[in-house]
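Notes follow once the structure below has been shown.
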Amino acid sequence: MITMPQFRVLQPENVSQAVEFLAKHKNLRVLAGGSDLVVNLRNKLFTPEYVLDIKGIKDLQGIKENQDHFSIGTLTTLTEISQNPFIKEIYPVLAKAAGLVAGPNIRNMGTIGGNICLDTRCYWYNQSYFWRKSCNFCLKKDGDICHVAPGGKYCWAAYSGDTAPALLTLDASIKIANPKGEKTLALKDFFVMDGIKKYNLESNEIITEILIPKASAGLQGVYKKFRIRDSVDYPLAGVAIAGKVDKEGNCQKISVALTAVNPAPVLVTEITDLLVGKKLTDDLVEKSVELARKTAKPMKTTLSTMPYRRHMIGVFVKQGLEEILK
Amino acid sequence: MSQEYQKTNNTDFSVIGKSAQMIDGTAKVMGTAIYADDIKLPGMLYGKILRSPHAHARIVRIDTSRAMALLGVKAIITGKDTPVKYGILPIGQDETALAVDKVIYVGQEIAAVAAITEEIAEQALDLIDVEYELLPAYLNADAAMAATDIFIHNDRPKNIEKEYHHNFGDIEKGFAQSDLVLEDKFSFPRITHAAMEPHSAVANYDASGKLTVWTSTQTPHYVHRGLAKALQMHPSKVRVIKPFVGGGFGGKSETFSCDVCSSLLSKLTGKPVKITFTREEVFYAHRGRPDQSVHIKLGMRKDGKITSVYVKTIQDGGAFCSYGVVTILYSGALIAALYDIDNIKFDGYRVVTNKPACGPMRGHGTVNVRYSFEVMLDRLAIGLGLDPAEVRLKNMLKPNTRTVNDLRVTSYGYKECVEKATEHSGWAEKRDKLPFGRGIGIGGSHYVSGAANSIVRGRMPHSNVSIKIDIDGGVSVFTGTAEIGQGTETVQAQIVAEELGLPLERIRVIAADSDITPVDLGSYSSRVTFMAGNAALFAARDVKNQLLRHAAEVLGESPEHLICKNERIYVEYDRERSITFREALISALEHSGTVIGKGAYTPPSESQGGRFKGAGVGPGVAYSYSASVADVSVNPETGQVRVNKIWVAHDCGRALNPLAVEGQVEGSVWMGLGQALQEEQIFTPEGLTLNPSLLEYKSPGAIESPDIETIIVESIDPEGPFGAKEAGEGSLAGVIPAIANAVYDAVGVWITSLPITPEKILKELNKQKAEQKKK
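Just so you know, the sequences run in chain order C and V.
The numbers in the numbering used here rise by one with no breaks, and the one at position 228 of the first sequence is 243.
The numbers in the numbering used here rise by one with no breaks, and the one at position 410 of the second sequence is 1533.
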């Protein structure tokens, strides 16, 4: 087996202790379910001095009700979210997306916070140290060239989380703890369209809660995912849609988000602008598909091709809109 | 013992034909089975291998001094320590465990480190300095064959490992008599076995100068020979033990660098050394199915009779010969022996390239040509307005014939396979009648049930089994066979139990330890049930005859009138007269001590093929037959294929253990499914494998599995043990064209390159739409 790099493990009992560790140690990685981090550690993509194992913090687990939101603790497992009757009822898009992450054992380990914070992926990056060294590394780690867009200085590694696009359609935000205290950030402002920076989370910060507005409760939702093997694979293209029609059959609310086709999950707000207040027609579906395809900019970061991934985005948008709005 | 096959058609079996749980299954399920990597010896060191980042380069300098200075590093070896060339074939001695002078693929072994921990060994690799001088890299067969001066191996001009040109009958005459002749070119990517357990070896060179190696292998005997040669040791000083093995599928059929390097490092340090490959290293060790092009031309009369077949095929075999010569020969030889074809011409090329070496993989050599053939057969049938299943039935061989290329066919259950598979699948009601997007297809296949010729020429038996029975009443079966999960130990135990009239739990199998067990050539070419099964049967008959002599004295009867059953020995015509097995055993022990018997199996010379160049590969001591029918759905909007169900009718002669037969057939379906739809080992333009992991190399998982219905066809082979033939490989090659033909039935497009990806289907569908518009 590929060996692990050496590090010290820190196991805080509560959030404030976790934040203390975060403030104290610079070269540190946060471990929740470990299904992303451990593989990346073995590949020497990270060689931290410390690993902050937050699994033992009880406060960060489970689903709670607040004034205007439902709050999901960052350590809540994907299995729990996908099977929770309450979530299935009021936020079906999230339950569906969580239920399509990898396979059952990874969903048992993997957490919602970890899934949001997935590292971006590229087949020139998710490789062993020997492999990466053999082709002189890449921009994202240890090198200064991009194999996907040679000559470029921008990292195209694809964001490959399933739950983030679902949460974007629900207008979710996240609560972040840091040495200064707490802050809340809209999820759409969390992500950055850059395969290296990925998101706005400082090295001394952790996500503690995911907040979903009550206003989004009861929206119909679909999550559609293209992958080679339904048994385990990451998405190669994914579409989350939440919305509803009014009594007259006009679109009252609609929100479409894409994943795995850009360095960040992204809302296609133009589709919302186009459809709200209208009855869905074939023409509007066609226009929506075009808008989604234009937003999707998959690069040669996976074994599936760019045109096919973009094609699947279109297929999913069409299917999803028809399921929700017709 | 003389080779006398089962004479009667007796079917009153007690153990044979009954589904039995694998005798080694519980340990696997409980997690207590000991695999090579589980072995930990006192003072054991860990080895790691430095590999080449270049596809083709001269090694100018290797400096290990920085690595050697790392605390915990105990020894480092390089190519100068491994000068002796070896290889599985006598004509392919082209490998050294570590590269000498130059590297010829990305991932080739350059140096090996032994250290007190795996982490230190891995860190040390990064401290070894190697200077290279780059050479032109040939990353596909065309580029390699076009080379003019610098070759990968100096003794392989134009980088051609071997070419064969076979011509049987008169193909031109056959084509002239055809009502339809079609030709096309098919292409196949490189695929790999993806056995769950990676290669792993633990070597212990002890103070007496004896080397013991525990290694994950399908062929302990060939590893024994390979190690003795590579290490220049007398074979009696080398002991090879095969522990539990987590799958092979052809990928563990020869000596690997982990075997040689762990041995050398152990000798240098005086400590045991373990080397277990990472998954990525398994992709570099490879030995999988080659990238291959197949140009095929097939003729048919309007009644469906096949007239002629011409195949030209080129295999990109990677950096070493490995089994490559055998692979290319199988591609040609097994065009025959499935159907009755008078005219066959074959041009085959095995080419050396700067990629990891290919080797044998389930259905060795036959799969890609069989795909091309079975798809072309459907195209001809459809072109002539015939039912593809009927066309197959029109071209049946007869049992006990010799083919045009001198293969001896004995039992032949293919006709029944096609009939049963079509009947069970509702073929007649479905073919060409399902709605657009749903389809059904058929594919046929066959495989040798044991290669009639050994890799090592000579008249040595291919399988040997010895048996010992002592006062405890347990029967020890000593066999050199390599259980790799397919059930060889269980089947030999069943055979011995049946012959001695004992329950299965009375038998214990001691296997694959070169100091203890007799030689068996190994688990390849689907040979074990047939050959070792016969050897086990002959050995059991030997001890039985000894026991019957004593029983005969007690019973006052002649031995030929006695039978063994239910732990008793009966007078066959008067069942009232009997003694217990134990009484007979004690009588034998009192008379002459421990009861010991042996059996050996050598293929009959008439099975060993013709006299032309390359005739040695293709002959089997028997052939298994298989027909697959696939029911698929194709989404015309996405091109995605869902295989709903696969029916496989497989002729395994006699199913000694139906449960194990079903398991093997299902495994073949899954492996075929992977090659058909998903699997492909992809390289960067520099020759680096892009997807060396089980996440990115897309073997199907359980969710991708269709329903599988296995239909066992029993042709009762005249020479197989109790009539048995192989079940492990034969079905695979039929599954893939069955899926392709079903895709055509569903949406009307032919895909000529594997895997059949959604994108390829969409592309063909768009072409189809464009053409319909034109009309």
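Where is the CB? At the ideal position from N, CA and C, for every residue including glycine.
- Interface flag for residue 244(C) against chain V is set, since a Cβ pair is found closer than 8 Å.
- Going by DSSP, residue 1832(V) is part of no alpha helix (DSSP H) but of the beta strand (DSSP E) stretching over 1830-1836.
- Closer than 8 Å to the CB of residue 1805(V) there is at least one CB belonging to chain C.
- For residue 238(C), none of the residues of chain V pass the 9 Å Cβ criterion, the least Cβ distance being about 16 Å.
- Residue pairing from DSSP places residue 190(C) in a beta bridge opposite 199(C) and 224(C).
- The C-alpha of residue 1538(V) lies about 13 Å from the C-alpha of residue 1775(V).
- Taking a contact as a CB-CB distance under 8 Å, the pair residue 1751(V) and residue 1504(V) does not count as one, their CB atoms being some 16 Å apart.
- In this structure the segment 1185-1193 of chain V does not touch the segment 1331-1343 of chain V; the number of beta carbon pairs closer than 8 Å is below three.
- Interface flag for residue 150(C) against chain V is set, since a Cβ pair is found closer than 8 Å.
- From the listed residues 320(C), 185(C) and 308(C), the smallest Cα separation to residue 84(C) is found for 185(C).
- By the C-beta criterion, the segment 1271-1291 of chain V is judged not to be in contact with the segment 1508-1520 of chain V, since fewer than 3 inter-stretch pairs fall below 8 Å.
- At least 8 Å separates the beta-carbon of residue 133(C) from that of residue 209(C).
- Within chain C, the residues whose beta carbon sits less than 9 Å from that of residue 1821(V) are 243, 244, 248 and 318, listed in sequence order.
- Taken through DSSP and simplified to helix, strand or coil, residue 1381(V) comes out as helix.
- Rounded to whole angstroms, the gap between the alpha carbons of residue 1300(V) and residue 1469(V) is 19 Å.
- Boundaries cannot be given for residue 1822(V), as no alpha helix (DSSP H) includes it and DSSP labels it neither H nor E.
- Burial is judged here by how many other beta carbons sit within 10 angstroms of a residue's own beta carbon; residue 206(C) has at least 16 and is buried.
- When secondary structure is reduced to three states using DSSP, residue 1602(V) falls in the strand class.
- By the neighbour-count criterion, in which 16 or more other beta carbons inside 10 Å mark a residue as buried, residue 1375(V) falls on the buried side.
- For the set 1711(V), 1826(V), 1636(V) and 1881(V), the Cα lying nearest the Cα of residue 1363(V) is the one of 1636(V).
- Under a criterion of Cβ atoms nearer than 7 Å, no residue of chain C is adjacent to residue 1194(V); the nearest Cβ is some 14 Å distant.
- When 1166(V), 1184(V), 1134(V) and 1147(V) are compared, the shortest CA-CA separation from residue 1631(V) is found for 1147(V).
- Only 322, 323, 326, 327, 330, 333 and 334 from the segment 322-339 of chain C bring a Cβ to less than 9 Å from some Cβ of chain V.
- Taking all protein chains shown into account, residue 1197(V) has 16 or more neighbouring C-beta atoms within 10 Å of its C-beta and is therefore buried.
- Beyond the five residues adjoining it in sequence on each side, residue 340(C) comes within less than 6 Å, by CB distance, of 260, 266 and 295 in the same chain, given in chain order.
- Taking CB atoms only, residue 1221(V) has no neighbour in chain C less than 8 Å away.
- When Cβ-Cβ separations below 8 Å define contact, residue 17(C) makes contact with chain V.
- Every unbroken stretch of the alpha helix (DSSP H) spanning 4 or more residues and falling wholly within the segment 1651-1716 of chain V is given here in chain order: 1656-1678 and 1704-1715.
- What residue 1629(V) touches in chain C, judged by beta-carbon distance under 8 Å, is nothing: the nearest beta carbon there is about 40 Å away.
- 8 Å or more divides the Cβ of residue 1711(V) from the Cβ of residue 1678(V).
- With a cut-off of 8 Å on Cβ pairs, the segment 1569-1578 of chain V is not in contact with the segment 1784-1792 of chain V, counting fewer than three such pairs.
- Burial check for residue 1171(V): the Cβ neighbour count within 10 Å reaches 16 or more, so the residue is buried.
- Residue-level contact check: residue 171(C) does not touch chain V, since none of the beta carbons of chain V fall below 8 Å from its beta carbon.
- Residue 1523(V) is classed as exposed because its beta carbon has fewer than 16 other beta carbons within 10 Å across all chains shown.
- Residue 1306(V) is bridged by DSSP to 1420(V).
- Between the alpha carbons of residue 1724(V) and residue 1578(V) lies a gap of roughly 16 Å.
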